[in-house]
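In our numbering, the protein residues as written are 52 to 429.
What follows is a set of notes on a single structure, which appears directly below.
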Amino acid sequence: MSSLIKCPHCNKEFEPGEALTHQIRESERNAIEKEISEKIRQKFLDENDLKMRDKENETKELRAQNRQLGEQLLELNKTLRKMQEKDETRELETEKIIFAEKEKAKQEAWKKQAEENRLKMLEKDKQIADIKKSLEEARRKGDQGSQQAQGEILELDLEESLRRTFPGDEISEVKKGSRGADLIQIVKTPMGNIAGKIIWENKRTKNWEVKWIDKLRADQRVEKAELAGLISVVLPPNAKKEIICVNKVWVTTSQHFLALATLLREQLLLVAKQKAISSQSASTAEELFEYLTSHEFTQQMEAIAESYLGMQEQIIKEKVAFEKQWKQREVQLNKMYKSLFNIYGGISGIAGSSFPQIKGLEILESGASNEANNQKLL
Numbered sequence: 052m053s054s055l056i057k058c059p060h061c062n063k064e065f066e067p068g069e070a071l072t073h074q075i076r077e078s079e080r081n082a083i084e085k086e087i088s089e090k091i092r093q094k095f096l097d098e099n100d101l102k103m104r105d106k107e108n109e110t111k112e113l114r115a116q117n118r119q120l121g122e123q124l125l126e127l128n129k130t131l132r133k134m135q136e137k138d139e140t141r142e143l144e145t146e147k148i149i150f151a152e153k154e155k156a157k158q159e160a161w162k163k164q165a166e167e168n169r170l171k172m173l174e175k176d177k178q179i180a181d182i183k184k185s186l187e188e189a190r191r192k193g194d195q196g197s198q199q200a201q202g203e204i205l206e207l208d209l210e211e212s213l214r215r216t217f218p219g220d221e222i223s224e225v226k227k228g229s230r231g232a233d234l235i236q237i238v239k240t241p242m243g244n245i246a247g248k249i250i251w252e253n254k255r256t257k258n259w260e261v262k263w264i265d266k267l268r269a270d271q272r273v274e275k276a277e278l279a280g281l282i283s284v285v286l287p288p289n290a291k292k293e294i295i296c297v298n299k300v301w302v303t304t305s306q307h308f309l310a311l312a313t314l315l316r317e318q319l320l321l322v323a324k325q326k327a328i329s330s331q332s333a334s335t336a337e338e339l340f341e342y343l344t345s346h347e348f349t350q351q352m353e354a355i356a357e358s359y360l361g362m363q364e365q366i367i368k369e370k371v372a373f374e375k376q377w378k379q380r381e382v383q384l385n386k387m388y389k390s391l392f393n394i395y396g397g398i399s400g401i402a403g404s405s406f407p408q409i410k411g412l413e414i415l416e417s418g419a420s421n422e423a424n425n426q427k428l429l
């Protein structure tokens, strides 16, 4: 009996022993190949692992080197910054020194200039002081020489004002150097009878002195005058009106002198009229004198003076208002004739000599010319 075996796949017949031998050999060969392949794979893995470890070590070394280089670079940058800061500090110090030297030079120059200016100012101040002193000395000498003359001129003006305003009264001047008031006014009635006496004192100094009142009261008693008036450049510090009574002496400025004289004179004439109507007894005369020196008389006179000053102030205000209106109308009139003259001039310039002359426009022309000249002067 044959021992051949037929392969179901290729239909080839072979001995079973050969197949087993071949199978064993194939199995051994596969095992050997597998072992060799495993060894090769393991070797490859080992080599790769070695390479990876080597790469890792190399990377670590590179990182360490990079870190060391970075630290060295940081240290180098730090050193460079310090050197740069030192350079900048030295530069700043140098600039500070240069600036300080310049400022010192400027300060020295400024101090020198300031000292020169101060000396110049002191010199000018001294010159001005010397000039002021010379002027003051000249003015003082001039005042000493002219004050008396100025006082005499003002007294003459007051005296002339009294004579001109009250021609019926007797006005006399006290001789220079004599004791007493400056002027004596004897008030007379229309019939020529003496109604009373007023004494006047003139003061031109700029500081008020109470002793003027006491002195004028004494002069009033000596002259046996009913009333006394003081004309002063300056009024008492507590004066609230332009005409006041101080210890029975009437005080005012030269501006209101004639107003006060008129009021006092009218009161003397009124008292004289009452005296003429009443009996001529001594008691009546004493009563009249007491009335003239009484507080009631003073109050009445102050009321009259206040009314007078109020009316005078109102007149001044009305005068100012009227002058303002007149000025406004004058301006409007000037504008009107300027416009009319411009129209006339424009037409004349176009029409020429054929344009007829209009009577009265020569006035406008002269007015416009005068107005233009006035504007130039202004």
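Think of the CB as a built atom: it goes at the ideal place given N, C-alpha and C, for glycine as much as any other residue.
Everything numeric in this text was worked out from a predicted model, so none of it was measured.
Rounded to the nearest angstrom, the gap between the Cα atoms of E188 and I366 is 44 Å.
It is roughly 28 Å from the alpha-carbon of L319 to the alpha-carbon of I204. By the 16-neighbour rule on beta-carbons within 10 angstroms, W161 is exposed. Note on geometry: alpha-carbon atoms of S212 and W263 lie some 23 Å from one another. In its own chain, leaving out the 5 sequence neighbours on each side, no residue places its CB closer than 7 Å to the CB of A156. Note that the C-beta distance between E293 and H307 is below 7 Å. Cβ contact annotation for Y359 (same chain, cutoff 6 Å, sequence separation greater than five): A310, in chain order. Burial of I249 is indicated by the presence of at least 16 other C-beta atoms within 10 angstroms of its C-beta. Note on D220: 16 or more other CB atoms within 10 angstroms of its CB, so buried under the neighbour-count rule. Straight across, the Cα-Cα distance linking K177 with S185 is about 12 Å.
Around the CB of K239, 16 or more other CB atoms lie within 10 Å, so the residue is classed as buried. E252 is positioned such that its CB atom lies closer than 7 Å to that of A232. Rounded to the nearest angstrom, the gap between the Cα atoms of N117 and K111 is 9 Å. Less than 7 Å separates the beta-carbon of G280 from that of W301. Taking the Cα of I282 as reference, the smallest distance to any Cα among R114, E206, A372, M242 is reached at E206.
Counting only runs of 3 or more residues that sit fully inside the stretch 261-296, the beta strand (DSSP E) segments are 278-283, in chain order.
Taking 7 Å as the cut-off, the Cβ atoms of L315 and I355 do not count as close. By the neighbour-count definition (other C-beta atoms within 10 Å, threshold 16), G247 is a buried residue. According to the DSSP assignment, N253 belongs to the beta strand (DSSP E) that extends over 245-254. For W259, the secondary structure class from DSSP, reduced to helix, strand or coil, is coil. Judged by DSSP secondary structure, K299 falls outside any beta strand (DSSP E); it is assigned neither H nor E. A distance below 7 Å separates the beta carbons of R255 and V284.
Rounded to the nearest whole angstrom, the CA to CA distance from K386 to V371 is 23 Å. In the structure shown, the three-state DSSP call for T145 is helix. Assigned with DSSP and collapsed to three states, K239 falls in strand. Listed in chain order, the non-local C-beta contacts of V297 below 7 Å within the same chain comprise I264, P287, local neighbours out to five positions each way being set aside. Rounded to whole angstroms, the separation of the alpha carbons of K183 and M362 is 45 Å.
For R272, the closest alpha carbon among the candidates I245, P241, M242, I235 is that of I235. Assignment of beta-bridge partners to S223 by DSSP yields I235.
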